[in-house]
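Asker: Sequential numbering of the sequence shown, starting at 6, is according to the working numbering. No residue lacks a Cβ here, since even glycine has one placed at the ideal position from N, Cα and C. Because the structure is a prediction, the values reported are computed rather than measured.
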Amino acid sequence: MKKYFSLFILTVIFLLLTVSVSAAPMRVAYIINGALGDQSFYDSGQRGIDQIAEEYDVKTTTIECNFDTAKYQQSLQSAVQWNADVIFIISYGFEDLLKQYADMYPDKIFVNIDTVVKNNQNTITSVDFIEEEGAFMAGVTAAIVTNDLTLEGVNKEKIIGSVGGDKDPVIDAFIFGYKQGAEYIDEEIEVKNIYAGTWTDPVKGKQAANQLYSQGADIIFQIASLTGNGVLEAAAENNKYAIGVDSNQNAMEPGHVVTSDLKNVGDAIYGVYQSIVDGSFEKGKVLEYGIKEGGVGLAIDEYTHDILSEDQINMIQRISDLIAKGEIEVERYE
Numbered sequence: 006m007k008k009y010f011s012l013f014i015l016t017v018i019f020l021l022l023t024v025s026v027s028a029a030p031m032r033v034a035y036i037i038n039g040a041l042g043d044q045s046f047y048d049s050g051q052r053g054i055d056q057i058a059e060e061y062d063v064k065t066t067t068i069e070c071n072f073d074t075a076k077y078q079q080s081l082q083s084a085v086q087w088n089a090d091v092i093f094i095i096s097y098g099f100e101d102l103l104k105q106y107a108d109m110y111p112d113k114i115f116v117n118i119d120t121v122v123k124n125n126q127n128t129i130t131s132v133d134f135i136e137e138e139g140a141f142m143a144g145v146t147a148a149i150v151t152n153d154l155t156l157e158g159v160n161k162e163k164i165i166g167s168v169g170g171d172k173d174p175v176i177d178a179f180i181f182g183y184k185q186g187a188e189y190i191d192e193e194i195e196v197k198n199i200y201a202g203t204w205t206d207p208v209k210g211k212q213a214a215n216q217l218y219s220q221g222a223d224i225i226f227q228i229a230s231l232t233g234n235g236v237l238e239a240a241a242e243n244n245k246y247a248i249g250v251d252s253n254q255n256a257m258e259p260g261h262v263v264t265s266d267l268k269n270v271g272d273a274i275y276g277v278y279q280s281i282v283d284g285s286f287e288k289g290k291v292l293e294y295g296i297k298e299g300g301v302g303l304a305i306d307e308y309t310h311d312i313l314s315e316d317q318i319n320m321i322q323r324i325s326d327l328i329a330k331g332e333i334e335v336e337r338y339e
């Protein structure tokens, strides 16, 4: 009797393991409205896709739209025809198409990144980063820099800047948080903003940054994807300072990029996939990632330490901790 019972238990365990493995999504697509190679937002997401492929031995495909509206529907159709089980998508500009496809293919898992999109059947899961919190910390850092006259290149005027790729709700949320953080340190600080009008032109990013530096800005927050690389170059050429975005860009212009406001897209993608595999995933939910959840925050590394003092860095980290604990409440952009 004990022998048969043991065999029964082993059989059940085997079946459970078999079901678990067979239920794991084996094809994962990553659709982006832009293109890889930005060393920022899109590349961060790709790192999550690569981690999924490596650790779970699944097939992945990345479809780049290069901001070409004609490719938006093609990209969704390609992912469906490729028979993707899970589709991670950055759907700026084609949210309505995403809704249509999610309704047409309710058996597939659609995970929208960085904005909230809801379809009729409520099957789209959205990853919503609380960019205001990360930008708040970028503003705190910028305020510390512009107030530190011992730093080479800093003038007596309390002016900081930002360069956005274009005017949209996400970029405006960054600027909103950035201004809050600066004013948390010093209400007299002036924040100047320029929209470059493009996400893919570093030359225009550099032109915008040069304009802000000529107007007295000591430090500029780049929130412009590939265009923002020109901001970092301008910081070095003007002997000024900059803050990177989305990925750690501190090493791109050593001595001039004080920190980077991380948006951990890849970590979020990997975490969502893990939840799908372990069965805790729920379709249709909005998942919010702020400082507390590790979704946003500053990259503090040796390049930061080369520019800021230990006391300044400790202050930055204390403020970040207070946000994580809910003791500082960052207002959301609406």
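Less than 8 Å between the C-beta atoms of Ile118 and Ile165, yes or no?
Answerer: No, Cβ-Cβ distance for Ile118 and Ile165 is not below 8 Å.
Asker: Of all the options Val91, Phe286, Val250 and Asp283, which has the alpha carbon lying nearest to the alpha carbon of Asn269?
Answerer: If we check each option's Cα against that of Asn269, Val250 comes out closest.
Asker: Looking at the unbroken beta strand (DSSP E) that takes in Phe99, where does it start and where does it end?
Answerer: Note, Phe99: premise wrong, no beta strand (DSSP E); not H, not E.
Asker: Answer with buried or exposed for Val116, where buried requires no fewer than 16 other C-beta atoms within 10 angstroms of its C-beta.
Answerer: With 16 or more Cβ atoms within 10 Å of its Cβ, Val116 is classed as buried.
Asker: Specify the secondary structure class of Leu41 as computed by DSSP and reduced to three states.
Answerer: The answer is coil: DSSP assigns Leu41 none of H, G, I, E or B.
Asker: Using the three-state DSSP reduction, which class does Ile118 fall into: helix, strand or coil?
Answerer: Note: Ile118 maps to strand in three-state DSSP.
Asker: Report the start-end ranges of each beta strand (DSSP E) in the region 105 to 165 that is 3 residues or longer and not cut off at the edges.
Answerer: 114 to 118 and 130 to 134, all fully within the region 105 to 165.
Asker: Tell me whether Glu193 sits in a helix, a strand or coil according to DSSP, three-state version.
Answerer: Note: Glu193 maps to coil in three-state DSSP.
Asker: Should Gly235 and Tyr200 be called a contact, given that it needs their Cβ atoms to be closer than 8 Å?
Answerer: Not closer than 8 Å, so no.
Asker: Out of Gly331, Gly302, Gln220 and Ser285, which has the shortest C-alpha to C-alpha gap to Asp272?
Answerer: For Asp272, the nearest C-alpha among the options comes from Gly302.
Asker: Decide if the region 35 to 45 is in contact with the region 94 to 110; the criterion is three or more beta carbon pairs, one per stretch, under 8 Å apart.
Answerer: Yes, they touch.
Asker: How close, in whole Å, do the beta carbons of Thr309 and Asn243 come, if the pair is a contact with beta carbons under 8 Å?
Answerer: Incorrect: roughly 20 Å between the Cβ atoms, too far for contact.
Asker: Can you name, in chain order, every residue of its own chain whose Cβ lies under 6 Å from the Cβ of Ser27, other than the five neighbours on each side?
Answerer: With a pLDDT of only 40 at Ser27, under the threshold of 50, the placement of this residue in the model should not be trusted, and no figure is reported.
Asker: From the DSSP secondary-structure annotation, give me the bridge partner or partners of Ala34.
Answerer: Note: Ala34 sits in a beta bridge opposite Thr66 and Ile92.
Asker: Please list the terminal residues of the continuous beta strand (DSSP E) segment that includes Asp251.
Answerer: Tyr246 to Asp251 is the extent of the beta strand (DSSP E) around Asp251.
Asker: In three-state terms, what does DSSP make of Lys290?
Answerer: Three-state DSSP puts Lys290 in coil, outside helix and strand.
Asker: Measure the alpha-carbon distance for Thr130 versus Lys288 and round it to whole angstroms.
Answerer: Near 5 Å, if we compare the C-alpha coordinates of Lys288 and Thr130.
Asker: Once you ignore the five residues that flank Glu5 on each side, which residues in its own chain have a CB closer than 6 Å to its CB?
Answerer: What the structure shows of the chain is the stretch from 6 to 339, and residue 5 is not part of that stretch, so it cannot be assessed.
Asker: Is the distance from the Cβ of Tyr338 to the Cβ of Phe181 below 8 Å?
Answerer: Yes.
Asker: Less than 8 Å separating the beta-carbons of Asn125 and Asp108?
Answerer: Yes, the pair counts as a contact, with Cβ atoms nearer than the cut-off.
Asker: Tell me which residues share the same chain as Ala304 and place their Cβ nearer than 7 Å to its Cβ, disregarding the 5 neighbours each side in the sequence.
Answerer: Contacts found: Asn253, Asn255, Thr264, Ser265 and Leu267.
Asker: For the beta strand (DSSP E) containing Phe226, list its first residue and its last residue.
Answerer: Ile224 to Ile228 is the extent of the beta strand (DSSP E) around Phe226.
Asker: Going by the beta-carbon positions, is the gap between Asp191 and Ala148 smaller than 8 Å?
Answerer: For Asp191 and Ala148, yes; Cβs fall inside 8 Å.
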